[in-house]
Amino acid sequence: MQITIYRGTHEIGGTLVEIKSGKSRILIDAGYPLFLNNQPIGDEVSSYSYDKLLEVGVLPDIKGLYGWDAPAFDAVIISHAHIDHYGLLRYIHPEIPVYLSKGTRKIIDISALFLQSAQPPAGACEFDMYKPFQIGDFRIMPFLIDHSAFDAAAFEISDKEKTIIYTGDFRGHGRKAVCLDRFIDKAKEGADALLTEGTMLGRQDEEVITEQELEDCLVKKIQDFKGPVLFQSSSQNIDRLVSFYRAAARLDKIFVVDVYTANVLYELRQLGNNRLPYPSVDYLNIKVFYPYRLTQKIFNKIGEEYAKRFSSFYIPKDKLKVVQNNIVMAVRPSMRRDIEIADLKNGMFIYSMWSGYRDSEYQKEFEGYLNRTGFSAHILHTSGHATVSDIRRLITGLKPKQIIPIHTMAPDSFISLSENVALKKDGEAFII
Ligand SMILES: [Zn+2]
Ligand SMILES: [Zn+2]
Numbered sequence: 012m013q014i015t016i017y018r019g020t021h022e023i024g025g026t027l028v029e030i031k032s033g034k035s036r037i038l039i040d041a042g043y044p045l046f047l048n049n050q051p052i053g054d055e056v057s058s059y060s061y062d063k064l065l066e067v068g069v070l071p072d073i074k075g076l077y078g079w080d081a082p083a084f085d086a087v088i089i090s091h092a093h094i095d096h097y098g099l100l101r102y103i104h105p106e107i108p109v110y111l112s113k114g115t116r117k118i119i120d121i122s123a124l125f126l127q128s129a130q131p132p133a134g135a136c137e138f139d140m141y142k143p144f145q146i147g148d149f150r151i152m153p154f155l156i157d158h159s160a161f162d163a164a165a166f167e168i169s170d171k172e173k174t175i176i177y178t179g180d181f182r183g184h185g186r187k188a189v190c191l192d193r194f195i196d197k198a199k200e201g202a203d204a205l206l207t208e209g210t211m212l213g214r215q216d217e218e219v220i221t222e223q224e225l226e227d228c229l230v231k232k233i234q235d236f237k238g239p240v241l242f243q244s245s246s247q248n249i250d251r252l253v254s255f256y257r258a259a260a261r262l263d264k265i266f267v268v269d270v271y272t273a274n275v276l277y278e279l280r281q282l283g284n285n286r287l288p289y290p291s292v293d294y295l296n297i298k299v300f301y302p303y304r305l306t307q308k309i310f311n312k313i314g315e316e317y318a319k320r321f322s323s324f325y326i327p328k329d330k331l332k333v334v335q336n337n338i339v340m341a342v343r344p345s346m347r348r349d350i351e352i353a354d355l356k357n358g359m360f361i362y363s364m365w366s367g368y369r370d371s372e373y374q375k376e377f378e379g380y381l382n383r384t385g386f387s388a389h390i391l392h393t394s395g396h397a398t399v400s401d402i403r404r405l406i407t408g409l410k411p412k413q414i415i416p417i418h419t420m421a422p423d424s425f426i427s428l429s430e431n432v433a434l435k436k437d438g439e440a441f442i443i
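Printed below as a string of structure tokens:
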């Protein structure tokens with residue numbers, strides 16, 4: 012089995028791993044990079060021409076993968092719906108089948124729709140967790156894994172002789188922590204190689220609490236507070252939305268989501284394999300807010316059914332103003348004007364994302380506005396990635412012959428975790 016990690020041996024995100032055996036060739040993840048030349052990648056890069064993208068290395072030089080080549084891959088398999096794992100899908104040759112889980116597909120579809128970005132692949136094939144599927148010589152077994160992306164997978168990949176395990180992004184302190192135990196229990200012991208993420212190895216000073224602890228912390232923080240509680244998290248970090256929802260429900264507060272977040276919750280709930288809260292008669296404390304610009308976009312471009320499906324749960328701005336001391340509400344910088352019109356003030360703003368995203372001018376302007384209207388700012392967050400002790404537990408449990416760090420800025424730190432660590436370089440093929 013021949014493996015090439017095109018990106019990720021020394022950086023977080025933008026993962027692409029090729030696996031070859033006999034005549035079969037697959038790519039695991041097609042990630043858009045988070046960094047370019049060691050700097051966070053700018054928005055302008057996505058509008059570069061194909062040649063320029065190849066030249067600067069956003070698209071690694073991989074023959075037979077992209078739309079302008081003769082296709083020479085049997086499949087592209089995506090672990091989860093984070094852009095640093097699927098963001099290059101739009102460049103993949105349309106004849107190469109793309110495999111993803113139902114939840115991953117749903118999130119990619121709805122992001123493409125609301126952000127009006129590139130369409131997701133038409134020929135996508137869905138896999139079910141814990142049900143192996145065959146591509147050429149490869150047998151691929153997907154495991155549901157605990158991560159900040161919904162329905163994320165780890166894979167056990169075998170040809171006739173060898174087995175490798177790819178963790179994707181994972182953690183053991185989320186709402187599906189039990190999935191990590193199950194993965195360690197069920198994935199093959201003594202595999203020929205374990206490709207594991209190591210995001211946190213470069214960020215060990217970051218405090219890690221469980222999602223349940225985060226929910227409890229939140230309850231404590233806001234239970235005696237008189238004023239609107241606004242929070243900013245990713246609309247796709249479902250574990251986090253559930254934490255805020257549950258805290259609101261425990262305190263008998265109204266949980267307000269914007270119409271985009273409402274659609275994400277609604278669409279995922281329709282998959283039928285979960286009990287996510289969503290605006291409906293079963294969850295009457297959830298109300299839907301319609302930000303002006305987004306609502307215009309839905310009616311003009313996306314499709315009015317995405318707005319109308321929540322009309323019974325709509326909370327207008329004047330109503331919001333009246334009940335503001337009793338709300339927990341999801342916000343984004345683009346909603347600043349709406350917050351102003353609703354006259355929300357003297358409240359609490361809770362930032363609940365990785366601090367690295369907080370430095371943009373747009374974000375600072377937004378928080379500056381909130382500060383001027385009497386909002387105090389707080390941070391309450393926990394990582395979507397594995398702690399060192401989770402990685403240790405994984406290695407001890409799976410006993411792989413080789414450990415290959417990926418999705419990390421600090422691959423060298425793995426050496427202290429095991430004597431079987433093999434450090435690799437981007438773009439260099441190696442045999443297992
Ligand atoms: Zn990632
Ligand atoms: Zn991720």
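Everything in the sequence shown is counted per this note's numbering, starting at 12 for the first residue and increasing by one.
Note that CB positions come from ideal geometry on N, CA and C, so glycine has one too.
Here the structure is a predicted model, which means the values were calculated and not measured.
Next item on the list: List in chain order: all unbroken beta strand (DSSP E) runs of 3+ residues lying wholly within the stretch 344-369.
Entry: 359-362
Item checked: Those residues, in chain order, that have a beta-carbon closer than 6 Å to some heavy atom of ligand 1 -> G24, H93, D95, H96, D180 and H418
Checklist line | Start-end ranges of the beta strand (DSSP E) lying completely within the stretch 187-269, minimum 3 residues | finding: 204-208, 240-243 and 265-269
Checklist line | Cβ-based neighbour list, F266, same chain, cut-off 6 Å, excluding 5 preceding and 5 following | finding: Y256, A259, N296, I297 and V339
Checklist line | Contained alpha helix (DSSP H) runs [length at least 4] in the stretch 56-139, N- to C-terminal order | finding: 61-67, 94-97 and 113-126
Next item on the list: Look at the alpha carbon of G358 and the alpha carbon of N284, and state the distance between them as a whole number of angstroms.
Entry: 36 Å
Check: Is L38 helix, strand or coil when you go by DSSP?
Finding: strand
Check: Relative to the alpha-carbon of L170, which residue among G19, E106 and A202 has its alpha-carbon at the smallest distance?
Finding: Note on identity: in this sequence residue 170 is Asp, with Leu being the wrong assignment. When each option's Cα is compared against that of D170, the closest is A202.
Notebook entry, point to check: What's the gap between the Cα of T115 and the Cα of A92?
Noted result: 5 Å
Next item on the list: Quick one: residues in its chain with C-beta nearer than 6 Å to the C-beta of D162, no 5 flanking neighbours on either side, listed in chain order?
Entry: S112, G114 and T115
Next item on the list: Give a single yes or no on whether I41 has its beta carbon closer than 7 Å to a heavy atom of ligand 2.
Entry: Looking at the sequence itself, residue 41 is Ala, so the reference to Ile does not match. A41: no, Cβ never under 7 Å from ligand 2.
Note to self: Less than 6 Å between C-beta atoms, sequence neighbours within five positions excluded: which residues of the same chain meet that for F377?
What the structure shows: P344 and R347
Check: Hey, how far is the Cα of Y380 from the Cα of R404?
Finding: 45 Å
Notebook entry, point to check: Would a C-beta distance cut-off of 8 Å place I414 and F425 closer than the cut-off?
Noted result: yes
Next item on the list: Could you check which residue in R286, K237 and I249 has the C-alpha nearest to that of K264?
Entry: K237
Notebook entry, point to check: Is the beta carbon of G114 within less than 7 Å of some heavy atom of ligand 2?
Noted result: no
Margin query: Quick test of the definition: if touching needs 3 or more C-beta pairs under 8 Å, does the stretch 12-24 touch the stretch 431-438?
Written below: yes
Notebook entry, point to check: Helix or strand or just coil, what does DSSP make of L155?
Noted result: strand
Next item on the list: For V399, name the three-state secondary structure that DSSP assigns.
Entry: helix
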